[in-house]
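To start, the structure itself, in structure tokens.
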Amino acid sequence: MARRTVPLPKDDPDIIVAGSGGAALAGALRAARGGARVLLLEATDCLGGTTAMSGAGTWIPANARARAAGIADDADRALAYIRAASPDGWQGSEDPLWQAFVAEAPRMIDFLERHSALRFALADDPDPWPAAPGALPRGRMLSPRPLRARVPGFRLQPAHVPHVLTYQELKSRDPWHHPLRTIAALAPRLAWRLATGRRAQGSALIAGLARAALAAGVEIRTGWRVTGLDRAAGGAVRGVFAEGPDGGRRRIGAAAGVLLATGGFERDLSRRSRHFAGPVDLVASSPGNLGCAARIAEEIGAELAHMSEANVAPALPARLRGRALPIGTFHHREPGAILVGPDGRRFVDEWAFNLGEVLLERRGDGAAAHLPCWLVGDAAALSGAPMLRWFLRAAPGWAREASDATRLGATLALPPGALEATLADWNAGAAQGRDPRFGRHLDPWSGPDPRRLRPLAGALWALPFNLVFLSTKGGPRTDARARVLDRDGRAIPGLCCAGVAMANPFGTRAMGAGTTIGPNLTWGWIAGATLLDRLATPPADVAKETAA
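Per the working numbering, the sequence shown starts with residue 1, numbered consecutively.
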């Protein structure tokens, strides 16, 4: 049955939010709770974008849950860690944003728990850079507890697998390798969640945010894509141009301004090809991630930055709601599987936390350094991973198979003898529980872990392992208040940007497993507060806003 088209409000709002992921909803909720009239426009027919599909791990330093657990952390320690673990050269431009993040992130989480049904639990994930000053073995990762994943009048962006398990249950129970054992162990709990409509992970996060935003008075409309920004004679953004479900274009005013939180530009093939090198296997983000923020902000003179940064992570082909939409996985971490580049050699520890950073590396001539890349494994790796087998059955032709390394190397067009030599080298080390080349047997916090590697034997298979985008992380550059900056470094009055739509201050290198969603929520919240402040700014003072 066709969904009823809900008309826009008759009166223009104070603030327009473009997008409906974590950053957008956090910003809308903050502004509405402060008394602003907020209109949120979502281009697709579902709420939540890529956030709704995610595991919703949320990296928040110095949070109250850690404090309650007796874990010592504060903004200074977190900032020291971020500065030490970030890429060389980033501190000069990003430090003011890092400072704002570590100061505001705990306040943002407290705000969400105070003004929504969301409750966050402490996860066990360590910071991935233990040698960095300020690193913690536990305490900065949170995840939403299950709640009713229903938003009356709206449909949430669905996940491939219903979010009946919490983030922490996924980590501790390992349903990827033991689905039946996981179901059996948690059967009463899972039955209750299914019967009551409770979900965890991204479904819980978006449902909690969206219901709270609606309760605070936010007007939400799906099927409306923001296509341009309207500026006053003095340069301030005072509204948007948007296309509705019927294809009509309309100007909508916004007295205080606009928050762009529309996701990345990974589905904009033209722009993506200008900033990334090498073959792209899959795009696993929301269908709405078409680069709206980068395009319309650039049109009015915004500076774009970090355009070659992205959240690149493994995924497998899948379908959702009748269309191709890959599912993020960790199939590269099978003990009997290795990654090889176009020369047939390994080039990385397959368990590297920031593996995407390595896949994005370029040679001096700008070409991809390690692509095309293949994940090579044996029959035992498949037999131990029933979920991997399930998704491969649904994607015929994705796997290449051969009886031995020589035949597989020829199938993959690798240099003669290269794969055989690589496997011989790998097997010799794995038989002794070591990886002399890249140290894959080492857990960064606890040392040697022989479960990470195993010799390969018998018939082999290979899966493409090139670029898979969960989101790009470049876009309009912002200041520490989430205000978009122009090419002269001045704030564009009335325009904010947040989430992966902005020139993300963390880029490809993650500080922890939730360094996409945690900062995204925080930057949305900061943007909401900034636009709320602008609503209270006397008209005579608006001209002063251009001081960055």
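Cβ atoms here follow ideal geometry from the backbone N, Cα and C, with glycine treated the same way.
Query	Result
CB contact check: LEU521 to chain D, cutoff 8 Å	The chain labelled as chain D is not found in the depicted structure, where only one protein chain is given.
Proximity test, GLY55 beta-carbon vs the ligand PLP heavy atom, cut-off 7 Å	No copy of the ligand PLP appears in this structure; indeed no ligand is present at all.
Buried or exposed (CB count within 10 angstroms, at least 16 for buried), LYS473	buried
Spatial neighbours of ARG319 in its chain, beta-carbon cut-off 8 Å, leaving aside the 5 residues before and after	LEU325, ALA394
Contact check, GLN201 vs LEU47, beta carbons under 8 Å	no
Cα-Cα separation, VAL280 to LEU467	5 Å
Three or more C-beta pairs below 8 Å linking the stretch 74-89 and the stretch 260-274	no
Opening and closing residue of the alpha helix (DSSP H) in which MET387 lies	386-393
Rounded separation between PRO188 and ARG173 - CA only	15 Å
Rounded straight-line distance, which links the Cα of LEU359 to that of ALA368	8 Å
Which residues DSSP lists as bridging LEU442, in chain order	PRO448
Alpha-carbon spacing of ALA549 relative to PRO519, whole angstroms	Nothing about residue 549 can be read from this structure; the chain reaches only from 1 to 548.
Euclidean distance between Cα positions of ALA23 and GLY49	10 Å
Terminal residues of the alpha helix (DSSP H) in which TRP525 lies	517-535
Counterpart residues of TRP398 in DSSP-defined beta bridges	Answer by DSSP bridge pairing: none, since TRP398 is not bridged.
Where ASP378 sits in the DSSP three-state scheme	strand
Proximity to CYS496 [Cα-Cα], best of LEU460, ARG534, ALA510, ARG509	ARG534
Where the alpha helix (DSSP H) through ARG67 begins and ends	64-68
Beta-carbon proximity list for ARG407, same chain, < 8 Å, skipping 5 on both sides	none
Environment of PHE330 [buried if 16+ CB atoms lie within 10 Å]	exposed
PRO476, DSSP secondary structure in three states	strand
Pick from ASP124, ALA68, PRO61, ALA72 that is closest to GLN99, judged by C-alpha positions	PRO61
Residues near VAL161 in its chain [Cβ-Cβ closer than 8 Å; skip 5 each side]	ILE327
As assigned by DSSP and simplified to three states, the class of ILE15	strand
Closest Cα partner of LEU517 within the set VAL17, LEU485, PRO9, THR51	Correcting the residue type first, residue 517 is Ile in the shown sequence and not Leu. Of the candidates VAL17, LEU485, PRO9, THR51, the one whose C-alpha sits nearest the C-alpha of ILE517 is THR51.
Candidates HIS306, LEU118, ARG138, ASP443, of which the one nearest MET502 by Cα	HIS306
Touch test, the stretch 7-14 against the stretch 242-261, Cβ-Cβ under 8 Å, three pairs minimum	yes
With 16 other Cβ atoms within 10 Å as the buried cut-off, status of PRO9	exposed
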